[in-house]
Amino acid sequence: MGKTLFIAEKPKVAVELLKSPRFRNSQKYPGSKPYYGYYENENYIISWCRGHLLELKHPEEMDEKYKEFKF
1 MGKTLFIAEK PKVAVELLKS PRFRNSQKYP GSKPYYGYYE NENYIISWCR GHLLELKHPE
61 EMDEKYKEFK F
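In this text, residue positions in the sequence shown follow UniProt numbering: the first is 1, and each later residue adds one.
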């Protein structure tokens, strides 16, 4: 069976994920720079990006009818 990949927003979040019991026995595989790399155990891989992964859309980007609305 394959492994599950977790992608964290930044390295600091990946380190927090390592506190979970499911990531016990994870080994760090460093990259060529301090902010590259990943952690891996027999079932999971944790890696990270740098910066925000998602951003919210404004209502009018979803549908023009939401460009102006009132509560």
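Cβ coordinates follow ideal geometry from the N, Cα and C atoms, glycine included.
Tell me whether the beta-carbon of residue i lies closer than 8 Å to the beta-carbon of residue j.
| i | j | result |
| --- | --- | --- |
| L53 | E9 | yes |
| R22 | Y39 | no |
| K67 | E60 | yes |
| S26 | I7 | no |
Is residue i helix, strand or coil by DSSP?
| i | result |
| --- | --- |
| Y38 | strand |
| L5 | strand |
| K28 | strand |
Could you work out which residue in the options is closest to residue i when comparing CA atoms only?
| i | options | result |
| --- | --- | --- |
| L18 | E64, N41, K67, Y66 | N41 |
| A14 | K33, E64, R50, S32 | R50 |
Which whole-angstrom value is the C-beta distance of residue i and residue j, which I expect to be below 8 Å?
| i | j | result |
| --- | --- | --- |
| P11 | Y35 | 6 Å |
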